[in-house]
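Protein sequence lines, in the order shown, are assigned to chains F and S.
In the numbering used here, each residue carries its 1-based index in the first sequence increased by 14.
In the numbering used here, each residue carries its 1-based index in the second sequence increased by 111.
For glycine and all other residues, C-beta sits at the position ideal for the given N, C-alpha and C.
Treat the numbers as computed from the prediction; the structure is a model and nothing was measured.
Here's the structure, in structure tokens; my notes come after.
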Amino acid sequence: MPDDKRLMKGNEAIGEAAIRAGCRAYFGYPITPQNELTAYMAKHMLARKRTFIQAESEVSAINMVYGAAATGARSMTSSSSPGISLKQEGISYACGADLPMVIVNVARSGPGLGGISPSQGDYFQSTRGGGHGDYYHLVLAPKSVQEAADLTYEAFDLADRWRMPVMILADGLIGQMMEGVVLPPERDLASLPRKGWAAGHQADTHRPNNHVTSINLVPAELEALNRKRFARYDEIKSSELRFEEVNVEKADLVFVAYGTSARVCLGAMEAAKRAGLELGLFRPISLWPFPHARLAELAAKGKRFLSVEMSMGQMVEDVRLAVEGKAPVDFYGRCGGVVPTEEEVLAEARRLLGK
Amino acid sequence: MELAYGHPKSLKPVQSKYCPGCGHGVIHRLIAEVIDELALQERSVITNPVGCSIWADLYFDFDSVQPAHGRTPAASTGVKRMLPDHLVICYQGDGDLAAIGTAEIIHAANRGEKFTTIFVNNAIYGMTGGQMAPTTLVGQKATTAPEGRDPAEAGMGYPIRVCELLATLGGTKYLARGAVNNAANVRKTKQYIKKAFEAQMRGEGFTMVEVLSPCPTNWQMQPVEAEEWLEKNMIPFYPLGEIKNELGGAETKEAAK
Numbered sequence: 015m016p017d018d019k020r021l022m023k024g025n026e027a028i029g030e031a032a033i034r035a036g037c038r039a040y041f042g043y044p045i046t047p048q049n050e051l052t053a054y055m056a057k058h059m060l061a062r063k064r065t066f067i068q069a070e071s072e073v074s075a076i077n078m079v080y081g082a083a084a085t086g087a088r089s090m091t092s093s094s095s096p097g098i099s100l101k102q103e104g105i106s107y108a109c110g111a112d113l114p115m116v117i118v119n120v121a122r123s124g125p126g127l128g129g130i131s132p133s134q135g136d137y138f139q140s141t142r143g144g145g146h147g148d149y150y151h152l153v154l155a156p157k158s159v160q161e162a163a164d165l166t167y168e169a170f171d172l173a174d175r176w177r178m179p180v181m182i183l184a185d186g187l188i189g190q191m192m193e194g195v196v197l198p199p200e201r202d203l204a205s206l207p208r209k210g211w212a213a214g215h216q217a218d219t220h221r222p223n224n225h226v227t228s229i230n231l232v233p234a235e236l237e238a239l240n241r242k243r244f245a246r247y248d249e250i251k252s253s254e255l256r257f258e259e260v261n262v263e264k265a266d267l268v269f270v271a272y273g274t275s276a277r278v279c280l281g282a283m284e285a286a287k288r289a290g291l292e293l294g295l296f297r298p299i300s301l302w303p304f305p306h307a308r309l310a311e312l313a314a315k316g317k318r319f320l321s322v323e324m325s326m327g328q329m330v331e332d333v334r335l336a337v338e339g340k341a342p343v344d345f346y347g348r349c350g351g352v353v354p355t356e357e358e359v360l361a362e363a364r365r366l367l368g369k
Numbered sequence: 112m113e114l115a116y117g118h119p120k121s122l123k124p125v126q127s128k129y130c131p132g133c134g135h136g137v138i139h140r141l142i143a144e145v146i147d148e149l150a151l152q153e154r155s156v157i158t159n160p161v162g163c164s165i166w167a168d169l170y171f172d173f174d175s176v177q178p179a180h181g182r183t184p185a186a187s188t189g190v191k192r193m194l195p196d197h198l199v200i201c202y203q204g205d206g207d208l209a210a211i212g213t214a215e216i217i218h219a220a221n222r223g224e225k226f227t228t229i230f231v232n233n234a235i236y237g238m239t240g241g242q243m244a245p246t247t248l249v250g251q252k253a254t255t256a257p258e259g260r261d262p263a264e265a266g267m268g269y270p271i272r273v274c275e276l277l278a279t280l281g282g283t284k285y286l287a288r289g290a291v292n293n294a295a296n297v298r299k300t301k302q303y304i305k306k307a308f309e310a311q312m313r314g315e316g317f318t319m320v321e322v323l324s325p326c327p328t329n330w331q332m333q334p335v336e337a338e339e340w341l342e343k344n345m346i347p348f349y350p351l352g353e354i355k356n357e358l359g360g361a362e363t364k365e366a367a368k
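Here it is in structure tokens:
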């Protein structure tokens, strides 16, 4: 039977969804604006006799996840932008060792220490493999507390299925606001998939040794491993694309926006409708893989695009790559922790359309 | 009939990549012997560090997890918390433990993480070719201390006594320092390792055995000369013995010297 709808903060809903997904170990370090998530995990993981550690740093936290994930346990960490930068070393190793894990970024403004207000300035870092070496991992961007819970829950399954880290890229607004949410059902830990590649429990089967590692000093072998991983990436690009479209068929101009800025665009679209103007929204939910092909289709239909971001313009590069010059792509962004208003987004759309 | 002495099951019968006179081979063998004696071969996981002993997973005949440089105690924390009934060995060199991974070892020790660290102290960076380590002795030459480690004028700092540093922390229950430069010290080091592993399996808290180990290649000495140099220079600065023993049961204390 499904849960009743309840009012929850985004950070707490992410934590509860992770616990219900079968997260056995959480490792975190304090940083605003995701502190409620770490506190939620402290209370509820310890109450269930699961592992919670407040690590000495974000660097340690991601490496604790690395160790726990290497034994096959569902495990996660969360942080905010500067802390995610520190985790990039560990994420690169996890991608090199093909380890499933869930990483939540409740993003804030940068660069450097920046501010604690919401931002989408981590798009490049998240979608380009933010650490060293050739790799990618899944990145999912929720626009609401409900979607943050649903995507977190699903992220654990995706991580196991594809043997890679899955990042939830939220922002401070999603983390901090309260909304109604219906939580997914609790998973039975015993029902989770066994992982034949993981370290430990060798005595159960007397199998050969398992080595969880990212090192290979033989260039030809390492190249072959990387190519195999990229073949998996191709499969993910065809099977794990997620996006939402609103009124794109009728629209004279299509906003491209994710997360919080997509909600601002939805508000601008309603105001536009009242003024007799048809605007649409294309909202990528999977930022990696990015839904290039669908954007190309819309471009071929003669649509024009306005990428709206809480950054100086990062996702807009993917939009331009997708349409390959076949449609006009403009950009409107606010940064530094400023959330654009519906009025200013609508004004920009009207200016571009000359209406 | 039982074999009284032979090659340990937990160590593969292969030739290692370690240099002639290197201590890692002996230390690997001691670990493997103790694991066999405790019948833990299929319940052991080693986290092997970045450094020469990154090759440890080629030689030990059980599972391994290889983390980033210095993050070994953090990864061991994750492994041991998920596999509390396994023997988890956090194998580290002096660069991994006492330089880049200082935060990780101090906090893992302070939390009383129930794995055993084997800390191989050869007072030099081996894999990268002889740079100064945090444990390099004052006056000892390294590629990055060409005139010898100069704590004051060149600001190279002082060698760190890791056991003594960690002994102040509440989570540490057993900290011992051995050496592998002669047969007597090798035997004693094995006793320390066994005591630490047994304490780990009883869940007593953080245990560590530091092992002073020769690196003839980067010390630029013949193997025999290196054993003597270790005896004359390292042991006076890094005293051998149980630096801290708060294990339960009087029988675990080292016999009075």
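Where do the ends of the beta strand (DSSP E) carrying residue i lie?
| i | result |
| --- | --- |
| residue 233/S | No beta strand (DSSP E) holds residue 233/S; DSSP gives it neither H nor E. |
| residue 251/S | Note, residue 251/S: premise wrong, no beta strand (DSSP E); not H, not E. |
| residue 134/F | No beta strand (DSSP E) contains residue 134/F, which DSSP labels as neither H nor E. |
| residue 284/S | 283-290 |
| residue 90/F | 89-93 |
| residue 23/F | 20-23 |
| residue 323/S | 317-323 |
| residue 202/S | 198-204 |
| residue 161/S | Counting along the chain, residue 161/S falls outside any beta strand (DSSP E), and DSSP gives it neither H nor E. |
| residue 148/S | From DSSP, residue 148/S is part of no beta strand (DSSP E) but of the alpha helix (DSSP H) over 135-148. |
| residue 267/F | 267-270 |
Anything in chain S within Cβ reach of residue i, meaning under 9 Å, just list it in chain order.
| i | result |
| --- | --- |
| residue 252/F | Under the 9 Å cutoff, chain S gives no residues; its nearest Cβ is about 32 Å from residue 252/F. |
| residue 223/F | 168, 171, 172, 173, 174, 175 |
Relative to the C-alpha of residue i, which candidate in the options has its C-alpha closest?
| i | options | result |
| --- | --- | --- |
| residue 131/S | 359/S, 328/S, 345/S, 336/S | 328/S |
| residue 119/F | 162/F, 305/F, 360/F, 57/F | 162/F |
| residue 43/F | 36/F, 56/F, 290/F | 56/F |
| residue 47/F | 315/F, 176/F, 98/F | 98/F |
| residue 329/F | 93/F, 50/F, 74/F, 155/F | 155/F |
| residue 28/F | 253/F, 317/F, 326/F, 159/F | 159/F |
| residue 5/F | 134/F, 82/F, 69/F | What the structure shows of chain F is the stretch from 15 to 369, and residue 5/F is not part of that stretch, so it cannot be assessed. |
| residue 181/F | 121/F, 193/F, 344/F | 121/F |
| residue 307/F | 326/F, 338/F, 188/F, 325/F | 338/F |
| residue 146/S | 340/S, 311/S, 255/S | 311/S |
| residue 300/F | 270/F, 318/F, 343/F | 270/F |
Under the DSSP definition of a beta bridge, which residues are partnered with residue i?
| i | result |
| --- | --- |
| residue 78/F | BP columns for residue 78/F are empty, so no partner. |
| residue 387/F | With chain F covering only 15 through 369, there is no way to say anything about residue 387/F. |
| residue 154/F | 182/F, 300/F |
| residue 322/F | 346/F |
| residue 67/F | 41/F |
| residue 227/S | 200/S, 318/S |
What are the start and end residues of the alpha helix (DSSP H) that includes residue i?
| i | result |
| --- | --- |
| residue 116/F | No alpha helix (DSSP H) holds residue 116/F; the beta strand (DSSP E) holding it covers 115-121. |
| residue 356/S | No alpha helix (DSSP H) holds residue 356/S; the beta strand (DSSP E) holding it covers 352-356. |
| residue 57/F | 49-61 |
| residue 190/S | 183-193 |
| residue 219/F | 216-219 |
| residue 327/S | 327-330 |
| residue 186/F | 186-190 |
| residue 244/F | 233-253 |
| residue 275/F | 273-288 |
| residue 158/S | Counting along the chain, residue 158/S falls outside any alpha helix (DSSP H), though it belongs to the beta strand (DSSP E) covering 155-158. |
So which residues on chain S does residue i lean against when the C-beta distance must stay under 7 Å?
| i | result |
| --- | --- |
| residue 205/F | Neighbours of residue 205/F on chain S: none; closest Cβ ~18 Å, over 7 Å. |
Kindly list, in the order they appear in chain F, the residues whose Cβ is closer than 8 Å to that of residue i.
| i | result |
| --- | --- |
| residue 207/S | Within 8 Å Cβ-Cβ: nothing; residue 207/S doesn't reach chain F, min ~12 Å. |
| residue 190/S | 81, 82, 84, 85, 213, 214 |
| residue 153/S | 216, 217, 220 |
| residue 218/S | 69, 70, 74 |
| residue 186/S | 77, 78, 80, 81, 84 |
List, in order along the chain, the chain F residues whose C-beta lies closer than 7 Å to that of residue i?
| i | result |
| --- | --- |
| residue 156/S | 213, 214 |
| residue 197/S | 214 |
| residue 143/S | Neighbours of residue 143/S on chain F: none; closest Cβ ~13 Å, over 7 Å. |
| residue 179/S | 77, 103, 104, 107 |
Quick one: list the residues of chain S neighbouring residue i, beta-carbon separation under 8 Å, in chain order.
| i | result |
| --- | --- |
| residue 229/F | 165, 177 |
| residue 39/F | 189, 192, 193 |
Check your understanding: Should the stretch 107-115 of chain F be regarded as contacting the stretch 223-233 of chain F, the criterion being three or more beta carbon pairs within less than 8 Å?
Key -> Yes: the two stretches touch, three or more of their Cβ pairs being nearer than 8 Å.
Review point. Quick one: any contact between the stretch 191-201 of chain S and the stretch 287-300 of chain S, if contact means 3 or more CB pairs under 8 Å?
Key: Note that the stretch 191-201 of chain S does not touch the stretch 287-300 of chain S; fewer than 3 beta-carbon pairs, one per stretch, sit closer than 8 Å.
Check your understanding: Quick one: any contact between the stretch 116-131 of chain F and the stretch 55-73 of chain F, if contact means 3 or more CB pairs under 8 Å?
Key -> At 8 Å Cβ cutoff, the stretches do not touch.
Exercise for review: Could you say if the stretch 243-261 of chain F and the stretch 141-155 of chain F meet the contact criterion of at least three C-beta pairs nearer than 8 Å?
Suggested key: Three or more Cβ pairs drawn from the stretch 243-261 of chain F and the stretch 141-155 of chain F lie within less than 8 Å of each other, which places the two stretches in contact.
Check your understanding: On the three-pair Cβ rule with 8 Å, is the stretch 149-159 of chain S touching the stretch 250-268 of chain S?
Key -> Touching, no, given that fewer than three Cβ pairs across the two stretches are closer than 8 Å.
Check your understanding: Counting pairs of Cβ atoms below 8 Å between the stretch 278-291 of chain F and the stretch 304-319 of chain F, do you hit three or more?
Key -> The stretch 278-291 of chain F is not in contact with the stretch 304-319 of chain F.
Exercise for review: Kindly confirm or deny that the stretch 114-123 of chain S and the stretch 346-360 of chain F touch, where touching means at least three C-beta pairs closer than 8 Å.
Suggested key: Under the Cβ criterion (8 Å, minimum of three pairs), the stretch 114-123 of chain S does not count as touching the stretch 346-360 of chain F.
Exercise for review: Tell me, please, whether the stretch 165-173 of chain F touches the stretch 123-140 of chain F by the rule of three or more beta-carbon pairs shorter than 8 Å.
Suggested key: By the Cβ rule, the stretch 165-173 of chain F does not count as touching the stretch 123-140 of chain F, because fewer than three pairs are nearer than 8 Å.
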